[in-house]
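A.B. asks:
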Amino acid sequence: VMACCVIAMAVVSIVGTKTHRLYTVIAVSVVHCCFNFYALPLIIAKANLFSFLQLTFMLRFPGAISTFYTAGPDCVPGGPHFSLTFYQTVAGVIGVVAAICGIVMFNYIFSKRTYWMTFIVTTLLLVMSSFFDLIIVMRWNKPRVTDYVVFILG
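For the sequence shown, the residue numbers in full-length UniProt numbering are 1 to 154.
Next comes the structure, spelled out in structure tokens:
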């Protein structure tokens, strides 16, 4: 099944239009997710579907946003102009703290809840955290709150 999906994606990517690629991606995704429930243990298939849906609904632009945050005033006038040291250190520390909080929340809260409730809450948290990137890019925080504070909150 996976080989057929890969071949279908390759062929449509080469000869198909944007619309064909969109429909093929949707079809391959549905086939793949359904096949997981056939081929894998139920708990693993659910975890796989959870990760797939979560990543599908979360839009991120890591390369572009990193450049925006760290570019100098000649490249992004009025931008945040974070140093690489600040950007990488703070982002790394916040990522580790968020991962620890996620593990603790799962153990004490989400392990006792339904799959869909866990999916909805975690997806909403991820969407809300990416909203802080939008606040900085659109400059909605200026002049009241510094870029550093908004970045740390997000």
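Even glycine gets a Cβ: it sits at the ideal position worked out from N, Cα and C.
These figures come from a predicted structure and were not determined experimentally.
If we ignore side chains and look at the alpha-carbon of each, how far apart do residue 100 and residue 94 end up?
C.D. replies: Residue 100 and residue 94: Cα-Cα distance of roughly 10 Å.
A.B. asks: Give me the residue from 140, 2, 15, 39 with the minimum Cα distance to residue 29.
C.D. replies: The candidate whose alpha carbon is nearest that of residue 29 is 2.
A.B. asks: Kindly list the residues whose CB is nearer than 6 Å to the CB of residue 58, restricted to its own chain and excluding five residues on each side of it in sequence; keep chain order.
C.D. replies: Correct list, in chain order: 126.
A.B. asks: Whole angstroms are fine: how far does the CA of residue 17 sit from the CA of residue 97?
C.D. replies: Each residue's Cα considered, the two are about 43 Å apart.
A.B. asks: In chain order, what are the residue ranges of uninterrupted alpha helix (DSSP H) at least 4 long that sit wholly in the stretch 91 to 150?
C.D. replies: Here the runs fully enclosed are 115 to 138.
A.B. asks: Measuring alpha carbon to alpha carbon, tell me which of 88, 53, 12, 39 ends up nearest residue 70.
C.D. replies: Checking every option, the nearest Cα to that of residue 70 belongs to 88.
A.B. asks: Given this structure, state the Cα-to-Cα distance separating residue 27 from residue 19, to the nearest angstrom.
C.D. replies: Roughly 12 Å separates the two Cα atoms.
A.B. asks: So is residue 136 buried or exposed if we call it buried at 16+ other beta carbons inside 10 Å?
C.D. replies: Buried, because 16 or more other Cβ atoms sit within 10 Å of the Cβ of residue 136.
A.B. asks: Pair every Cβ in the stretch 129 to 146 with every Cβ in the stretch 64 to 84, then say whether three or more of these pairs are closer than 8 Å.
C.D. replies: Because the criterion of three Cβ pairs below 8 Å is met, the stretch 129 to 146 and the stretch 64 to 84 touch.
A.B. asks: Given residue 147, which residues of its chain have a CB within under 6 Å of its CB, disregarding the five upstream and five downstream residues?
C.D. replies: Answer for residue 147: 80, 136, listed in chain order.
A.B. asks: With 16 as the cutoff for other CB atoms within 10 Å, does residue 107 come out buried or exposed?
C.D. replies: With fewer than 16 other Cβ atoms within 10 Å, it is exposed.
A.B. asks: Look at residue 131 and residue 153 and say whether their C-beta atoms are less than 7 Å apart.
C.D. replies: Taking 7 Å as the Cβ cut-off, residue 131 and residue 153 do not qualify as a contacting pair.
A.B. asks: Can you give me the start and stop residues for the alpha helix (DSSP H) that residue 63 sits inside?
C.D. replies: First-last of the alpha helix (DSSP H) with residue 63: 62 to 70.
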